[in-house]
Amino acid sequence: MIRRLSNALYHWLDDRVEISIVIDFCHRQLTKPVPRHLNWLFSFGTVTLAFFLSQAVSGVFLMIYYEASADTAYESVRYIMEQVRFGWLMRQVHSYGANFMIAFLLLHSVRVFFYGGYKKPRELTWLFGFALLCVTLAFGFTGYLLPWDQLSYWGTTVGTEIAAATPVIGEYLLILMRGGEIISDVTLTRFFMAHVVLLPWVFIGLVAVHLVLIRYKGISPLEGTDVPEKTPEELKKAGGKPFYPQHVMKEAIVVLLVLASMIFMIIYYPLPLHEKADPFNTPVGVRPEWYFLSSYQALKYLPKTIGIIGSGLVVLAICLLPFWDRTPARRPSRRPVATSLGIMFIVLNIVLALLGKISETEMTIMGTRYHFDIYGWPHAIATVEEPAAEPDTGDGGTE
Amino acid sequence: MSELTHAGYRPGAGAWNALSARTAEYTARSAVILLLLLVWTPAGSATAQQAVTTNTCVSCHADLDDEDMSLPVAEWQRSAHRPADIACQDCHGGNPASMVEDEAHDVERDFVGLPDPYVVHELCGECHQVQMENYVPSPHGLEGDFWPNCVDCHENHEVVFPRASLISIPDNCEDCHEQEIMDDFIALTDRGLEPVNEFRRAAEEIRSAGVPVDLILAQASLARDAYIQQASHVFVLDKMTAVVDSLEQVYPRIQKEVNTARTEVDTRRRFGWMFIGLFLVLAGVIWLYRRALPED
Numbered sequence: 023m024i025r026r027l028s029n030a031l032y033h034w035l036d037d038r039v040e041i042s043i044v045i046d047f048c049h050r051q052l053t054k055p056v057p058r059h060l061n062w063l064f065s066f067g068t069v070t071l072a073f074f075l076s077q078a079v080s081g082v083f084l085m086i087y088y089e090a091s092a093d094t095a096y097e098s099v100r101y102i103m104e105q106v107r108f109g110w111l112m113r114q115v116h117s118y119g120a121n122f123m124i125a126f127l128l129l130h131s132v133r134v135f136f137y138g139g140y141k142k143p144r145e146l147t148w149l150f151g152f153a154l155l156c157v158t159l160a161f162g163f164t165g166y167l168l169p170w171d172q173l174s175y176w177g178t179t180v181g182t183e184i185a186a187a188t189p190v191i192g193e194y195l196l197i198l199m200r201g202g203e204i205i206s207d208v209t210l211t212r213f214f215m216a217h218v219v220l221l222p223w224v225f226i227g228l229v230a231v232h233l234v235l236i237r238y239k240g241i242s243p244l245e246g247t248d249v250p251e252k253t254p255e256e257l258k259k260a261g262g263k264p265f266y267p268q269h270v271m272k273e274a275i276v277v278l279l280v281l282a283s284m285i286f287m288i289i290y291y292p293l294p295l296h297e298k299a300d301p302f303n304t305p306v307g308v309r310p311e312w313y314f315l316s317s318y319q320a321l322k323y324l325p326k327t328i329g330i331i332g333s334g335l336v337v338l339a340i341c342l343l344p345f346w347d348r349t350p351a352r353r354p355s356r357r358p359v360a361t362s363l364g365i366m367f368i369v370l371n372i373v374l375a376l377l378g379k380i381s382e383t384e385m386t387i388m389g390t391r392y393h394f395d396i397y398g399w400p401h402a403i404a405t406v407e408e409p410a411a412e413p414d415t416g417d418g419g420t421e
Numbered sequence: 049m050s051e052l053t054h055a056g057y058r059p060g061a062g063a064w065n066a067l068s069a070r071t072a073e074y075t076a077r078s079a080v081i082l083l084l085l086l087v088w089t090p091a092g093s094a095t096a097q098q099a100v101t102t103n104t105c106v107s108c109h110a111d112l113d114d115e116d117m118s119l120p121v122a123e124w125q126r127s128a129h130r131p132a133d134i135a136c137q138d139c140h141g142g143n144p145a146s147m148v149e150d151e152a153h154d155v156e157r158d159f160v161g162l163p164d165p166y167v168v169h170e171l172c173g174e175c176h177q178v179q180m181e182n183y184v185p186s187p188h189g190l191e192g193d194f195w196p197n198c199v200d201c202h203e204n205h206e207v208v209f210p211r212a213s214l215i216s217i218p219d220n221c222e223d224c225h226e227q228e229i230m231d232d233f234i235a236l237t238d239r240g241l242e243p244v245n246e247f248r249r250a251a252e253e254i255r256s257a258g259v260p261v262d263l264i265l266a267q268a269s270l271a272r273d274a275y276i277q278q279a280s281h282v283f284v285l286d287k288m289t290a291v292v293d294s295l296e297q298v299y300p301r302i303q304k305e306v307n308t309a310r311t312e313v314d315t316r317r318r319f320g321w322m323f324i325g326l327f328l329v330l331a332g333v334i335w336l337y338r339r340a341l342p343e344d
């Protein structure tokens, strides 16, 4: 019965808009074989895309109640979290989703790097992927301000100040981003516009091209660029499996597991909404979000201009990677220099991010209280003999 | 050869030139839009950062070799006063905006190196008025001795919220008081305020899950205010006991609110586990289905 109905619908549509062309095209693409070496790490790109969709859905729900004004933004987010039915879930899914999306996009980039997926003839795929990374970071940066709490306000202040240190155009960049000299109502509306209108369309456009390029050139093989790539028939003979259902199912499993872990984080470690933004009260230890922490920390060790130019050059080098790394080998084991450099770069970023995380904090290690300065170096300040965190006796208030 | 067709699009020189011309036009338009964005920037944005003054006391004293002069800066930076913007000049006077020593230490601007111990409570009382009003007629303030004064219990630069450990410091209390009295005092303070602190901690934890806790916080604040106004700094056990007894009548009601909010958090967790279970089952089913697929 259902089959008869769907057949009738198919023929009805095909007579009018030749839907069979689209269906045949999709079928060919879905059954196209993928190389045997596709393991679970090759699912990270799809996980990122799944999170983009989740962000779009939760974002639409949040927009129903969110008010992009310095006076009411914070209250509207609090209202969403505390009064709207399932508002807490939507806000947490959106906040955690942003972090997961960026994390998996970075993991996806790392995977592509180590598997040499950026090499000829996939330079354009890499460039569009790099643009997607930039847009995703811009999503994170603009969305971070929207709750208008102390952390987001001062985190954005620090972030925009970094941009202001760019030689020549820094000051204009700062004014363009902030809409004035300080973070204000004007900044909030700009960031909101970029976050919900500009960036989503740019992202959709870029992701469409990225996906088309991936399907057009196929998944990168492990053989070097000097070996002719296999045709679909050769891939099939060499043990390649169809993209659907084998690989799609693998990706679906990873997406579901990651979603389950996000829900676990949401219910046990919900991301809090801090105090409302107060431009006159700078909290101690202001720092940007984790994905900007390593570059933020690196800038502390270098003179401002050199740091900014250096960071810019590193970003440019990553962007243009396929054009200066023209060695034919793709397997990580056959590229010891690139692999070592890649590992060193990742370790360096993790160390810098950790230093950024502990800088301007205090910690008790082996009975000694340490203060970590802005560079992350520890200074012993006291020997702790008893627990420091006793409840206050209530006399701290001012009356 | 890829199956994704792109036949039919072979831009020749003419097409390329047209595309270039359009790109140039769009670039020009983008530049105009960017310029307009800059022009639209409101001219009179207030600069909040300008309101944050530079404190020269801190910048100069932090670098002094004499530890007696530099240590207070580090201590103050760890204090409860720093986040509240209470700085050196609020107790020592002087001009914190001048880099010139004589101007910074100008006696005409009420500079005092070491505040008189007999007026310390008045200095602190400018903000902590209720505590001062309770302290002055208390046994500690009676007869104009003012000993111990505020800084004996709360420190001078590293001003901290008083803690049970401070109350029992031998140098501070046990010169005059027997240990038994001290134990009673600490127990009474704990009875009065520990539940309030616990309610506040629970409320902050629950709030992060998105459950409203304004009522709990308001009730906890009322209880805390009642303690501060009627018991804190009175230093008479009978008076304190009466206040704490009356507060203990209120605490079960606040606890009930906390329990209700916690139940809501638990409900949400169960709801979350339902989703986690659903996702895991789905993943398991797909995995089994995938394994059952034929090799080719």
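Chains A and B, in that order, are what the protein sequence lines are.
Quick note: to get my numbering, add 22 to the position in the first sequence (first position is 1).
Quick note: to get my numbering, add 48 to the position in the second sequence (first position is 1).
Cβ atoms here follow ideal geometry from the backbone N, Cα and C, with glycine treated the same way.
The structure presented is a predicted model; accordingly, all values stated were derived computationally and were not measured.
In chain A, what lies closer than 9 Å to residue i by C-beta?
i	result
Ser-256 (chain B)	Tyr-291, Pro-292, Leu-293, Pro-294, Leu-295
Tyr-337 (chain B)	Pro-267, Met-271
Gly-320 (chain B)	Leu-111, Ile-285, Phe-286, Ile-288, Ile-289, Tyr-290
Pro-131 (chain B)	Asn-303, Pro-305, Val-306
Can you tell me where the alpha helix (DSSP H) with residue i in it begins and where it stops?
i	result
His-393 (chain A)	From DSSP, His-393 (chain A) is part of no alpha helix (DSSP H) but of the beta strand (DSSP E) over 390-394.
Glu-305 (chain B)	285-339
Trp-399 (chain A)	Unbroken run through Trp-399 (chain A): none, as it is neither H nor E.
Gln-137 (chain B)	136-140
Phe-159 (chain B)	It is not in any alpha helix (DSSP H) - Phe-159 (chain B) carries neither H nor E in the DSSP assignment.
Ser-28 (chain A)	24-39
Pro-8 (chain A)	This structure cannot speak to residue 8 (chain A), because chain A is shown only from 23 to 421.
Asn-182 (chain B)	177-183
Cys-198 (chain B)	198-202
For a contact meaning CB atoms closer than 9 Å, what does residue i contact in chain B?
i	result
Arg-113 (chain A)	Gly-258
Glu-104 (chain A)	Arg-255, Gly-258, Val-259, Pro-260, Val-261, Asp-262
At 8 Å on the CB atoms, spell out the chain A contacts of residue i, in chain order.
i	result
Phe-327 (chain B)	Leu-278, Leu-279, Leu-281, Ala-282, Ile-285
Leu-263 (chain B)	Chain A residues near Leu-263 (chain B): none, gap ~11 Å exceeds 8 Å.
Ala-331 (chain B)	Ala-274, Ile-275, Leu-278, Leu-279, Ala-282
Arg-317 (chain B)	Ile-289, Tyr-290
I'd like to know if residue i contacts chain C, where contact means its C-beta is closer than 8 Å to some C-beta of that chain.
i	result
Ile-45 (chain A)	Checking the listed chains, one finds no chain C in this structure; the protein chains it contains are A and B.
For residue i, report the span of its beta strand (DSSP E) as first-last.
i	result
Thr-383 (chain A)	383-387
Interface residues of chain A around residue i at Cβ under 7 Å?
i	result
Phe-323 (chain B)	Ile-285
Arg-239 (chain B)	Under the 7 Å cutoff, chain A gives no residues; its nearest Cβ is about 11 Å from Arg-239 (chain B).
Leu-341 (chain B)	Pro-267, Gln-268
Report the CB separation of residue i from residue j in whole angstroms; it is logged as a contact under 8 Å.
i	j	result
Gln-114 (chain A)	Leu-363 (chain A)	Not really, about 38 Å apart at Cβ, beyond 8 Å.
Glu-273 (chain A)	Thr-53 (chain A)	With a Cβ gap of about 16 Å, Glu-273 (chain A) and Thr-53 (chain A) do not count as contacting.
Tyr-137 (chain A)	Ala-299 (chain A)	In fact, because the Cβ distance is near 43 Å, the residues do not count as touching under 8 Å.
Gln-277 (chain B)	Val-178 (chain B)	5 Å
Tyr-299 (chain B)	Pro-243 (chain B)	5 Å
Leu-129 (chain A)	Phe-213 (chain A)	Their Cβ separation, rounded to whole angstroms, is 26 Å, which puts Leu-129 (chain A) and Phe-213 (chain A) out of contact at 8 Å.
Val-184 (chain B)	His-169 (chain B)	7 Å
Gly-109 (chain A)	Ser-131 (chain A)	The pair is not a contact, with the Cβ atoms about 33 Å apart (cut-off 8 Å).
Asp-171 (chain A)	Leu-295 (chain A)	6 Å
His-140 (chain B)	Val-160 (chain B)	6 Å
In chain B, which residues lie less than 7 Å from residue i when you measure between Cβ atoms?
i	result
Ala-274 (chain A)	Ile-334
Completely contained alpha helix (DSSP H) runs for the region 237-287 of chain B, where each covers 4 or more residues: Taken in chain order, the complete alpha helix (DSSP H) segments of 4 residues or longer contained in the region 237-287 of chain B are 262-278.
If contact is defined by three or more beta carbon pairs under 8 Å, each pair taking one atom from either stretch, is the region 50-63 of chain A in contact with the region 251-265 of chain A? With a cut-off of 8 Å, the region 50-63 of chain A and the region 251-265 of chain A count as touching, because enough Cβ pairs lie within range.
Looking at C-beta atoms only, is the number of pairs between the region 79-96 of chain A and the region 235-249 of chain B that lie closer than 8 Å three or more? Judged by pairs of C-beta atoms under 8 Å, the region 79-96 of chain A does not touch the region 235-249 of chain B, as fewer than three such pairs exist.
Stretch-stretch touch, CB-based, cutoff 8 Å, three pairs: the region 174-184 of chain A with the region 224-232 of chain A: The region 174-184 of chain A and the region 224-232 of chain A do not touch, with fewer than 3 CB-CB distances between them shorter than 8 Å.
Could you check whether the region 148-160 of chain A touches the region 317-336 of chain A, counting it as contact only if at least three pairs of C-beta atoms, one from each stretch, sit closer than 8 Å? In short, these stretches do not touch, since the Cβ pair count stays below three.
Quick one: any contact between the region 266-284 of chain A and the region 104-124 of chain A, if contact means 3 or more CB pairs under 8 Å? The region 266-284 of chain A and the region 104-124 of chain A touch, with no fewer than 3 CB-CB distances between them shorter than 8 Å.
Along the chain, which unbroken stretches of the alpha helix (DSSP H) at least 4 residues long are found entirely within the region 216-253 of chain A? Taking only runs of at least 4 residues, the alpha helix (DSSP H) segments lying wholly in the region 216-253 of chain A are 221-239.
Please confirm if the region 289-296 of chain B is in contact with the region 188-199 of chain B, defined as three or more CB-CB distances below 8 Å between the two stretches. Fewer than three beta-carbon pairs drawn from the region 289-296 of chain B and the region 188-199 of chain B are found closer than 8 Å, and the two stretches are therefore not classed as touching.
Indicate whether the contact test is met: 3 or more Cβ pairs, each with one atom in the region 140-150 of chain A and one in the region 336-354 of chain A, closer than 8 Å. Touching, yes.
Pairing CB atoms from the region 23-43 of chain A with CB atoms from the region 230-246 of chain A, are three or more of them under 8 Å? With the cut-off at 8 Å, the region 23-43 of chain A and the region 230-246 of chain A do not touch.
Counting only runs that start and end within the region 90-171 of chain A, where is the alpha helix (DSSP H) found for 4 or more residues in a row? Taking only runs of at least 4 residues, the alpha helix (DSSP H) segments lying wholly in the region 90-171 of chain A are 95-104, 109-136, 145-167.
Could you tell me which whole alpha helix (DSSP H) segments of length 4 or greater appear in the region 297-380 of chain A? Segments of the alpha helix (DSSP H) lying fully in the region 297-380 of chain A: 312-323, 326-341, 343-346, 358-380.
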